[in-house]
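Numbering (this note's numbering), first residue to last: 19 to 180. Glycine included, each C-beta is placed from N, C-alpha and C at the ideal position. For reference, the structure discussed in these notes is given below.
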Amino acid sequence: MAVAYLLVGLTGAGKTTYAERVLVPQGAVRLSVDEQVFDRHGRYGVDYPEHTYFEKEGPVVAEVRSELVRLLRQGRDVVVDHGLWRRKVRDDWRALAESAGGQVRLLYFPVPKQELLRRLNDRNTQNHANALMVTAEALDDFYGRFDVPDGENEQVIPAGSF
């Protein structure tokens with residue numbers, strides 16, 4: 019049975035690094051919402067205003083969802099490299115993957131806030147799809163919109179373990 023890896027964590031938690039270092043070499047196809055938004059619209063908070071991100075993200079998420087279903091039905095393992103911050107959203111992705119015949123593995127990347135700030139400050143100087151410009155204030159906002167996985171059959175991936 020094909021596996022859908024749903025990666026859960028705030029910006030800078032290590033989801034992309036883990037996917038690229040661990041899951042892709044094992045044969046999983048990585049689907050990244052942020053990279054597709056970047057390819058179409060540029061850098062978050064630099065090439066377009068932060069408040070317009072969700073309108074740009076919506077069509078990309080729909081395409082990624084379709085691609086997830088297609089790949090799972092072909093028997094391919096897939097990594098959804100997207101924050102999946104809200105439990106309701108995770109439940110929806112889980113149901114979609116299971117309806118396509120996939121087995122879901124929810125991987126949670128908890129990282130202490132100070133470490134996230136350090137990582138994000140380093141990344142804020144870079145210019146690529148996975149270097150979203152994130153301020154300390156924005157990170158506070160992100161925490162307010164994040165539901166920590168609990169009782170979702172999640173597997174914790176500790177910071178620095180990969």
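query, result
"Cβ neighbour criterion (16 or more within 10 Å) applied to F180", "exposed"
"Beta-bridge pairing of D99 - partner residues as DSSP gives them", "S50"
"Supposed close pair A22, V96 - CB separation, criterion 8 Å", "5 Å"
"Own chain partners of G45 with C-beta closer than 7 Å, once the 5 adjacent residues on each side are dropped", "D95"
"Cβ neighbour criterion (16 or more within 10 Å) applied to A31", "buried"
"Span of the alpha helix (DSSP H) around E81", "71-91"
"Whole-angstrom distance between V78 and Q54, CA atom to CA atom", "7 Å"
"Contact the stretch 104-115 vs the stretch 72-90: 3+ CB pairs below 8 Å", "yes"
"Terminal residues of the alpha helix (DSSP H) in which A115 lies", "105-117"
"C-beta contact flag for R136 and A118 at 7 Å", "no"
"Distance between R83 and R48 (C-alpha atoms, nearest Å)", "12 Å"
"Coil, strand or helix - V42 by DSSP", "helix"
"Rounded Cβ spacing between L25 and D99 (contact assumed at less than 8 Å)", "6 Å"
"Check whether K33 and F164 have beta carbons under 7 Å apart", "no"
"Coarse secondary structure for E172, derived from DSSP in three states", "strand"
"Spatial neighbours of Y181 in its chain, beta-carbon cut-off 8 Å, leaving aside the 5 residues before and after", "Within the shown structure, residues of the chain are numbered from 19 to 180, placing residue 181 beyond reach of any answer."
"Helix, strand or coil at V26 [DSSP, three-state]", "strand"
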